[in-house]
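Worksheet: one structure, shown below.
Numbering (this note's numbering), first residue to last: 15 to 152.
Below, the structure is given as structure tokens:
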């Protein structure tokens, strides 16, 4: 399994956490690896409370992690460092994120309360769904 991940955000400690999370998740699951190979686009994670942001450039089987929020990012997740980990707890059922258990309802509550803001939620659902799948530790 060749993930071809390049971390160009060496000055951002959060980038290593995301890289390790993605590597571990994808290497443990053939389904997540197949999802990863289909991903094409830019997603960003912005954590203003700790002044940290990274952009994830997916290109069908490769990933480049850059510092900051890329202006061309189709999906931007903006939340606190405390809430970002809740996104990893979403269960995947039938190949999709499952929002009808405790973890899913918590994330939906954070989205509806504005504690998690997602640019591209409605305009780029495929990239967002695939990102959720590969980031989920479940």
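We put the CB at the ideal spot given by N, CA and C, even for glycine.
With distances taken between CA atoms, residue 118 lies nearest to 99 out of 99, 86, 63, 134. If you look at residue 20, you'll find it in the beta strand (DSSP E) that goes 19-21. Between residue 71 and residue 60, the beta carbon gap of about 15 Å keeps them out of contact (Cβ cut-off 8 Å). By the C-beta criterion, the segment 91-105 is judged to be in contact with the segment 119-132, since at least 3 inter-stretch pairs fall below 8 Å. DSSP links residue 112 through a beta bridge to 105. Judged by beta-carbon spacing, residue 32 lies beyond the 8 Å limit of residue 56, meaning their Cβ atoms are not closer than that value. Taking C-alpha positions only, residue 36 is separated from residue 125 by approximately 22 Å.
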